[in-house]
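Each remark here refers to the structure printed beneath this line.
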Amino acid sequence: VRLERRIEAVFSSFARFGEWRPSEVVIPQASCKLGLRNFISLCERTGVLETELCTKRRVVRIFQTYMDKGTGLVDFQQFLLVISAIAKLKDTPFEQIMESVLNVNQEGHLWIHSGDNYMTLEL
220 VRLERRIEAV FSSFARFGEW RPSEVVIPQA SCKLGLRNFI SLCERTGVLE TELCTKRRVV
280 RIFQTYMDKG TGLVDFQQFL LVISAIAKLK DTPFEQIMES VLNVNQEGHL WIHSGDNYMT
340 LEL
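Here it is in structure tokens:
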């Protein structure tokens, strides 16, 4: 659960700002969803797009498969499904891709659920 919350902190920062902003994720905020443009930024930051098998076009198609058709956004659970599909495409273990997402969060911030609101704590 702790690793998932660190990954969720990265997800939430990219959902809100399109980049990793550790100082911003320590402020209690409502839950969020991730759009395609910010997801691509996350993929670029983590190196997910660095192979011929995993092109931007293919990642866009995968994202569109799992996104909410009305909003064009994914929540954290849908994000995990997108990452799983990308891992299959790359023939890479899911854990390896999640490790690259986790490595963005060098500060170790956790995203803590608090009712409908979320907040992070640094441990």
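In this note's numbering, each residue carries its 1-based index in the sequence shown increased by 219. Glycine is no exception: its CB is placed at the ideal position from the N, C-alpha and C atoms.
- Judged by DSSP in its simplified three-state form, V293 adopts strand.
- The C-alpha of S319 is placed about 8 Å away from the C-alpha of G266.
- When DSSP assignments are scanned along the region 235-278, the uninterrupted stretches of alpha helix (DSSP H) that are 4 or more residues long and fall wholly within it turn out to be 255-265.
- Within the same chain, Cβ atoms closer than 7 Å to the Cβ of M317 are found at I226, I302, the five residues on either side in sequence being excluded.
- Within a 10 Å sphere around the beta-carbon of K288 sit fewer than 16 other beta-carbons, which makes this residue exposed.
- In this structure, the beta-carbon distance from L321 to F282 does not fall below 8 Å.
- For V320, the enclosing alpha helix (DSSP H) covers residues 313-321.
- Counting every other CB atom within 10 Å of its CB across the protein chains shown gives S242 a total below 16, marking it as exposed.
- Using a Cβ distance threshold of 8 Å, L268 and V278 count as a contacting pair.
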